[in-house]
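Numbering (my numbering), first residue to last: 102 to 312.
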């Protein structure tokens, strides 16, 4: 990693840790936002969740803060397409949260502003006649690996976030050997998912993300 990048990450860490309130006490506003960190054995991914999909954003943050995503596996991996996770039943950690916090679904929030490209975070869902409203799974989500991997999903699956750093993690997970169901032969887990308070100006500064 280049020295400049290391310096930037250290500066952002300081910005996160200095004078911030606990995540559970924080509500996004015009000056602050959520920064999501996904820890894996291949490194960390840093995500931003879109303001334009508020129901998905709120649901993801609440579940992450409760620990719903901690210890779960990437249960579906397609090398040139995407990596998928979010099934609480696959965790290797004894849950300290109640199943009641997981809603039956999240209503679709399609936005033409967002398309499926490298780093896109989208909500998985049931297809076909059983889900005519295209409601999203409350927990399962996927991350797209390539820019032109999934244009057919635009307007069909809700895009609610984007990976800002850690693309090497996506690549490392995506190339793992899988079985006939696209499940990795060796378990790959999300060790922990953290949500922290960060100034929007810092997110723009360090990740070049424009609100």
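Just so it is clear, CB atoms sit at the ideal spot from N, CA and C, and this is done for glycine as well.
Is the beta carbon of residue i less than 8 angstroms from the beta carbon of residue j?
{"i": "residue 239", "j": "residue 205", "result": "yes"}
{"i": "residue 241", "j": "residue 188", "result": "yes"}
{"i": "residue 298", "j": "residue 140", "result": "no"}
{"i": "residue 246", "j": "residue 272", "result": "yes"}
Among the residues of its own chain, which have a CB less than 7 angstroms from the CB of residue i, if the five just before and after it don't count?
{"i": "residue 191", "result": "173, 174 and 176"}
{"i": "residue 259", "result": "154, 157, 209, 210, 211, 223, 224 and 237"}
Residues in the same chain with beta-carbon distance under 6 angstroms from residue i, minus the five sequence neighbours each way, listed in chain order, please.
{"i": "residue 207", "result": "156, 157, 160, 237 and 239"}
{"i": "residue 250", "result": "182"}
{"i": "residue 306", "result": "none"}
{"i": "residue 220", "result": "263 and 264"}
{"i": "residue 162", "result": "135 and 296"}
Can you tell me the Cα-Cα spacing of residue i and residue j, whole angstroms?
{"i": "residue 285", "j": "residue 184", "result": "10 angstroms"}
{"i": "residue 202", "j": "residue 193", "result": "19 angstroms"}
{"i": "residue 142", "j": "residue 274", "result": "10 angstroms"}
{"i": "residue 198", "j": "residue 268", "result": "30 angstroms"}
{"i": "residue 145", "j": "residue 294", "result": "10 angstroms"}
{"i": "residue 137", "j": "residue 195", "result": "22 angstroms"}
{"i": "residue 278", "j": "residue 132", "result": "43 angstroms"}
{"i": "residue 261", "j": "residue 280", "result": "29 angstroms"}
{"i": "residue 300", "j": "residue 264", "result": "17 angstroms"}
{"i": "residue 215", "j": "residue 255", "result": "8 angstroms"}
{"i": "residue 235", "j": "residue 257", "result": "7 angstroms"}
{"i": "residue 289", "j": "residue 244", "result": "15 angstroms"}
{"i": "residue 287", "j": "residue 276", "result": "12 angstroms"}
{"i": "residue 152", "j": "residue 304", "result": "14 angstroms"}
{"i": "residue 229", "j": "residue 217", "result": "20 angstroms"}
{"i": "residue 312", "j": "residue 266", "result": "17 angstroms"}
{"i": "residue 310", "j": "residue 164", "result": "24 angstroms"}
{"i": "residue 253", "j": "residue 167", "result": "33 angstroms"}
{"i": "residue 308", "j": "residue 227", "result": "33 angstroms"}
{"i": "residue 200", "j": "residue 147", "result": "26 angstroms"}
{"i": "residue 130", "j": "residue 302", "result": "12 angstroms"}
{"i": "residue 270", "j": "residue 186", "result": "14 angstroms"}
Just confirm the distance between the C-beta atoms of residue i and residue j, as a whole number of angstroms; I'd bet it's less than 8 angstroms.
{"i": "residue 149", "j": "residue 283", "result": "Not really, about 27 angstroms apart at Cβ, beyond 8 angstroms."}
Spell out whether any CB of chain D is found under 8 angstroms from the CB atom of residue i.
{"i": "residue 259", "result": "No chain D appears in this structure, which consists of one protein chain only."}
| Uninterrupted alpha helix (DSSP H) stretches inside the region 259-300 (no shorter than 4 residues) | Taking 4 residues as the shortest admissible run, the region 259-300 contains the following complete alpha helix (DSSP H) segments, listed from N- to C-terminal end: 268-275.
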